[in-house]
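**Q** One structure, as structure tokens, below. Some questions next.
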Amino acid sequence: MVTVSRRGWFTTLLKGIGAGMVLGGGGSMRESAPQAEAAEATGPLTVRVTRPFDAETPVREFTSWLTSNERFFVRSHFGPPPAEAIQPEAWRLSVKGLVKESLSFTLKDLQQFEPVSLTAVLQCSGNGRAHHRPKVPGVQWERGAVGNAQWTGVRLRDVLQQAGVKPQGVHVQFQGADRPALATVPLFTRSIPLAKALHPDTLLAYEMNGRPLPLLHGAPLRVITPGWMAESCMKWLTEITVRVDETPGYYMQQAYRIPETAVRLSSGLPGSAMVPVEQMPVKSLIAAPAEGDTVRIGPVTIQGVAWAGEAPVVKVEVSCDDGKTWEQARLLGEGQPYAWRQWQFVWNARTPGPTAILCRATDAQGQEQPATSPWNPGGFLWNGWDRLTVTVEA
Amino acid sequence: MRWLQRGSGVVLALLLVALVGWTVITAAQEEDRAAIEPATARKAATLVLARCAVCHTTDLIAQQRLPQDRWTVTVEKMVHWGAELSPEEAAVVIQYLTARNHPGAPDQLPSIEAELATMEPARAQSAASDGPLTGIAARGAALFAHNCQACHGEGAVGGAGPKLARNAVLKNEGAFWETVLHGRGPMPAWGAVLNRQEIADIHAWLTTR
């Protein structure tokens with residue numbers, strides 16, 4: 500069991516009360532430094548939870564190819580760890596469990612491995628939870644718990660090979676330095692199957708968009724499992740443990756699981772076996788115009804982004820009459836594995852009045868974005884057609 | 162004390178709140194929606210601030226729209242993880258959250274903090290109202306651990322809230338009761354959660370620290 504130092508405990512508590520009780524009338528408690536930094540560094544995010552800080556990116560930001568570090572959505576279960584825990588002098592990454600040799604790395608040690616950069620979408624599994632009916636408990640994310648960034652780091656495979664995975668080792672467990680306010684809350688511990696861990700594109704990333712990984716995004720090191728949902732992308736990584744089985748505990752065995760049937764986009768009703776959330780389903784978003792905008796009669800440029808887990812997006816369609824007719828949008832640039840694809844559609848708006856604009860994408864495996872996603876008790880993997888309303892003005 | 166000067170006005174306001182609250186609820190007879198008395202609502206909102214906001218802010222709670230069974234499961238999970246609620250207190254919190262944050266509730270609701278600020282104190286009590294009380298330190302220890310320790314630390318040595326052991330406020334009974342009954346800044350008001358005897362017991366225990 501991990502115990503939390505009294506000091507860390509109170510600091511976390513203080514953060515919470517400082518931020519959460521502002522309305523109480525400004526007592527003697529102040530926001531702690533990391534919290535204040537978070538507020539400054541994140542610009543115009545839509546805050547869902549003040550502490551631990553959870554915030555989403557306004558979709559208008561998705562008119563750009565890369566999502567900036569400052570505007571990137573933020574999600575964690577317990578907030579960032581205390582600064583001492585991740586200072587370069589103190590921070591170590593340990594690799595242990597079913598390995599021939601347990602290892603411990605400083606960040607400098609890790610940077611001796613071959614550096615790799617790739618651009619990948621990172622998305623919270625709960626993105627779009629607010630659209631599920633009946634409503635589901637959890638952070639009520641709408642559209643923006645997703646972003647596209649360039650990640651630089653080393654291959655997890657290279658690190659595991661140095662330690663030497665024993666034949667019995669088939670799951671790779673990650674633990675970060677973040678801790679809950681009370682030690683009675685389960686730690687956020689996750690594992691991925693060895694095959695994904697050994698995939699040459701699975702990274703231990705120390706840079707985001709060419710800059711050192713920011714505190715809110717997992718400094719100094721986080722996992723990136725391209726094509727998979729973000730709960731596998733452990734932030735503030737400190738321990739890698741090779742195991743014979745999937746990690747036990749709440750955040751692996753209960754949370755982040757969906758009925759097996761929902762994965763295959765059929766009924767999605769509970770009763771079937773629950774399996775871990777892994778790949779991202781195909782999805783697209785409209786970045787412009789924005790919900791509620793007024794557009795002029797004539798040509799209107801509609802733009803957005805589309806992505807899928809491990810298969811490229813091959814088609815994006817747009818409807819400007821509430822889903823009655825669909826037309827194909829133009830995919831921009833070159834497709835890159837794991838990154839999102841920008842798209843554009845020029846709509847000739849002719850009829851004044853309000854209208855709904857929708858978009859849907861299809862991936863190379865033939866998976867098409869559904870009108871609404873299969874309901875599941877955790878409210879995960881929403882990928883229903885994106886939809887907004889604009890008013891055409893003469 | 163501020164409180165006493167408001168005597169009968171409070172009773173009237175309470176009646177009005179109760180009446181209005183009741184009519185609104187009957188009009189909106191939602192399946193999951195149970196009527197809740199203002200005094201219970203006040204107690205529950207205080208509990209949410211004092212016991213739930215320990216690990217996360219109340220915005221995570223206020224954004225949910227859930228039926229009673231899911232609120233029950235959620236609150237039970239929180240208790241299992243360390244939220245300090247007795248079964249009776251948990252029942253009050255579930256009742257309040259089901260009444261306020263049911264699936265048919267409006268998208269925009271005031272924060273729980275803002276709502277609590279507009280609620281009238283639930284019952285008239287003050288240090289002076291019915292003569293002196295003798296606190297029993299032995300009972301106060303458990304009451305402190307349950308209600309105050311998360312913020313004031315084990316042994317009242319301080320934490321997110323100030324150190325209370327050997328704090329001068331213990332000798333200034335007026336200030337002590339005023340703060341505990343009505344709250345101050347981030348310090349919750351306890352008037353709707355603890356009775357006078359319980360507060361006196363906590364006071365007695367604190368003076369032994």
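Chains as they are written, first to last, in our numbering: chain A, 500 to 893; chain B, 162 to 370.
From the three backbone atoms N, C-alpha and C, an ideal C-beta is built for every residue, glycine too.
Note that this is a predicted model, so its numbers are computed, not measured.
(1) Ends of the beta strand (DSSP E) at Asn847(A)?
(2) Report the neighbours of Asp220(B) on chain A: residues whose CB is nearer than 7 angstroms to its CB, in chain order.
(3) Taking the alpha-carbon of Ala682(A) as reference, which of Ile255(B), Gly319(B), Asn328(B) and Met239(B) has the nearest alpha-carbon?
(4) Report back the beta-carbon spacing between Ala704(A) and Thr651(A) to the nearest angstrom; my notes put them in contact at under 8 angstroms.
(5) I need the DSSP call for Asn356(B), collapsed to helix, strand or coil.
(6) Can you give me the start and stop residues for the beta strand (DSSP E) that Asp862(A) sits inside?
(7) Which residue's Cα is closest to the Cα of Gly709(A): Leu617(A), Gly675(A) and Phe673(A)?
(8) If I measure Cβ to Cβ from Lys204(B) and keep anything under 7 angstroms in the same chain, skipping five residues before and after, which residues do I get?
(9) Let me make sure I understand the geometry here. Which of Val781(A), Pro853(A) and Glu745(A) has the alpha-carbon closest to that of Trp727(A)?
(10) What do you reckon, are the CB atoms on Asn626(A) and His716(A) nearer than 9 angstroms?
(11) For a quick check, are the C-beta atoms of Lys595(A) and Thr740(A) less than 9 angstroms apart?
(12) Taking only the alpha-carbon atoms, compute the straight-line gap between Pro349(B) and Trp590(A) and give it to the nearest angstrom.
(13) Starting from the beta carbon of Val638(A), find every residue of chain B whose beta carbon is closer than 9 angstroms, and list them in chain order.
(14) Answer with yes or no whether the minimum CB distance from Val215(B) to chain A is below 9 angstroms.
(15) Put Ala662(A) into one of helix, strand or coil per three-state DSSP.
(16) Might you give, ordered along the chain, the residues of its own chain that have their beta carbon closer than 8 angstroms to the beta carbon of Met751(A), omitting 5 neighbours on each side?
(17) What runs of the alpha helix (DSSP H), each 4 residues or longer, lie entirely inside the segment 690 to 721 of chain A?
(18) Chain B beta carbons: is any one of them nearer than 9 angstroms to that of Val573(A)?
(19) So, Pro811(A) versus Asp700(A), is the Cβ gap smaller than 9 angstroms?
(20) State the beta-bridge partners of Leu897(A) as determined by DSSP.
(21) When every heavy atom of the ligand ATP is checked, does at least one fall within less than 8 angstroms of the C-beta of Arg231(B)?
(22) For Val799(A), which residues in chain B fall below 7 angstroms Cβ to Cβ?
(23) In chain B, which residues lie with their C-beta within 7 angstroms of the C-beta of Pro633(A)?
(24) Give a yes or no on whether the C-beta atoms belonging to Gly877(A) and Ala729(A) are separated by under 9 angstroms.
(25) What are the residues in the segment 265 to 279 of chain B lying within 8 angstroms of chain A by C-beta distance?
(26) Output, in chain order, the set of chain A residues within a Cβ distance shorter than 8 angstroms of Leu227(B).
(27) 9 angstroms is my cut-off, CB to CB: does Gly296(B) come that close to chain A?
(28) Is Pro579(A) close to chain B? Criterion is C-beta to C-beta, closer than 9 angstroms.
(29) Can you tell me which of the three DSSP states Glu867(A) falls into?
(30) Tell me the DSSP secondary structure of Leu173(B) in three-state form.
(31) Under a three-way DSSP split, which group does Glu738(A) fall into?
(32) Are Leu304(B) and Trp366(B) closer than 9 angstroms when you measure CB to CB?
(33) Could you tell me whether the segment 542 to 558 of chain A touches the segment 628 to 643 of chain A, where touching means 3 or more Cβ pairs closer than 8 angstroms?
(34) Once the 5 residues before and after Trp881(A) are set aside, which same chain residues still bring their CB inside 7 angstroms of it?
(35) Quick one: which chain B residues come within Cβ less than 8 angstroms of Thr854(A)?
(36) Given this structure, state the Cα-to-Cα distance separating Ala188(B) from Pro248(B), to the nearest angstrom.
**A** This is what the structure gives:
(1) To locate residue 847(A), count along the first sequence from 1; it is residue 348. Element bounds for Asn847(A): Arg840 to Ala848.
(2) The sequence position of residue 220(B) within the second sequence is 59, counting from 1. Within chain A, the residues near Asp220(B) are Val548 and Thr549.
(3) Locating residue 682(A) in the first sequence gives position 183, where the first residue counts as 1. It is Met239(B).
(4) As a working mapping, residue 704(A) is identified with position 205 in the first sequence. As a working mapping, residue 651(A) is identified with position 152 in the first sequence. That pair is a contact at about 6 angstroms.
(5) As a working note, residue 356(B) is residue 195 in the second sequence. In the three-state DSSP reduction, Asn356(B) falls in the coil class, being neither helix nor strand.
(6) In the first sequence, the residue the question calls residue 862(A) occupies position 363. Note, Asp862(A): beta strand (DSSP E), Gly852 to Asp862.
(7) Counting from one through the first sequence, the residue named residue 709(A) turns up at place 210. Considering only alpha carbons, the answer is Leu617(A).
(8) Here residue 204(B) corresponds to residue number 43 of the second sequence, with the count starting at 1. For Lys204(B), where only same-chain residues beyond five positions count, the Cβ hits under 7 angstroms are Val253, Ala283, Ala353 and Val354.
(9) Here residue 727(A) refers to the residue found at position 228 of the first sequence. Per the Cα distances, Val781(A).
(10) Within the first sequence, the letter at position 127 stands for residue 626(A). Within the first sequence, the letter at position 217 stands for residue 716(A). Contact: no.
(11) The residue labelled residue 595(A) in the question sits at position 96 within the first sequence. The residue labelled residue 740(A) in the question sits at position 241 within the first sequence. Yes; because the gap between Cβ atoms is below 9 angstroms, this pair is in contact.
(12) Along the second sequence, read from residue 1 onward, the residue named residue 349(B) stands at position 188. Along the first sequence, read from residue 1 onward, the residue named residue 590(A) stands at position 91. Spanning the two alpha carbons is a distance of roughly 38 angstroms.
(13) Along the first sequence, read from residue 1 onward, the residue named residue 638(A) stands at position 139. Residues of chain B passing the Cβ test: Leu221 and Gln224.
(14) As a position in the second sequence, residue 215(B) is number 54, starting the count at 1. Yes, Val215(B) lies at the interface with chain A (some Cβ there is under 9 angstroms from its Cβ).
(15) Position 163 of the first sequence, counted from the first residue, corresponds to residue 662(A). Note: Ala662(A) maps to helix in three-state DSSP.
(16) Counting from 1 along the first sequence, the entry for residue 751(A) is found at position 252. Excluding positions up to five away in sequence, the list reads Thr688, Arg689, Ser690, Glu745 and Pro775.
(17) 693 to 696
(18) By one-based count along the first sequence, residue 573(A) stands at place 74. No - not a single Cβ of chain B is within 9 angstroms of the one on Val573(A).
(19) Position 312 of the first sequence holds residue 811(A). Position 201 of the first sequence holds residue 700(A). Not in contact: Pro811(A) and Asp700(A) (Cβ atoms no closer than 9 angstroms).
(20) With chain A covering 500 to 893 only, the question about residue 897(A) has no answer from this structure.
(21) Absence of the ligand ATP from the depicted structure is noted, as is the absence of any ligand whatsoever, leaving it without description.
(22) Your numbering for residue 799(A) matches position 300 in the first sequence. Correct list: empty, because the minimum Cβ distance to chain B is about 28 angstroms.
(23) Sequence index remark: in the first sequence, residue 633(A) carries index 134 (1-based). The answer, in chain order, is Pro264.
(24) Start at 1 with the first residue of the first sequence, and residue 877(A) comes out as number 378. Start at 1 with the first residue of the first sequence, and residue 729(A) comes out as number 230. No; because the gap between Cβ atoms is not below 9 angstroms, this pair is not in contact.
(25) Ser272, Glu274, Ala275 and Ala278
(26) Residue numbering aside, residue 227(B) sits at position 66 when the second sequence is read from its first letter. Within 8 angstroms Cβ-Cβ: Lys634 and Pro636.
(27) Locating residue 296(B) in the second sequence gives position 135, where the first residue counts as 1. So, not an interface residue.
(28) Taking the first sequence and counting its residues from 1, one reaches residue 579(A) at position 80. No, because no Cβ of chain B sits closer than 9 angstroms to the Cβ of Pro579(A).
(29) The residue you call residue 867(A) lines up with position 368 of the first sequence. Glu867(A) falls in the strand class under three-state DSSP.
(30) Translated into the one-based positions of the second sequence, residue 173(B) becomes position 12. Model confidence at Leu173(B) stands at a pLDDT of 36, short of 50, so the residue's coordinates are unreliable; what they give is reported in the following sentence. Helix at Leu173(B).
(31) Counting from 1 along the first sequence, the entry for residue 738(A) is found at position 239. The answer is strand: DSSP assigns Glu738(A) an E or B state.
(32) Here residue 304(B) refers to the residue found at position 143 of the second sequence. Here residue 366(B) refers to the residue found at position 205 of the second sequence. Result yes, Cβ atoms of Leu304(B) and Trp366(B) sit closer than 9 angstroms.
(33) yes
(34) Here residue 881(A) is taken as the residue at index 382 of the first sequence, counted from 1. The beta carbon of Trp881(A) lies closer than 7 angstroms to those of Asn626, Gly627, Arg628, His630, His631 and Ser872 in the same chain, with the five residues before and after it left out.
(35) Here residue 854(A) refers to the residue found at position 355 when the first sequence is read from its first residue. In chain order: nothing, as chain B lies at least about 23 angstroms away.
(36) On the second sequence, residue 188(B) is found 27 positions in, with the first residue counted as 1. On the second sequence, residue 248(B) is found 87 positions in, with the first residue counted as 1. Here the model assigns Ala188(B) a pLDDT of 38, short of 50, so the residue's position is not dependable and the matter cannot be decided.
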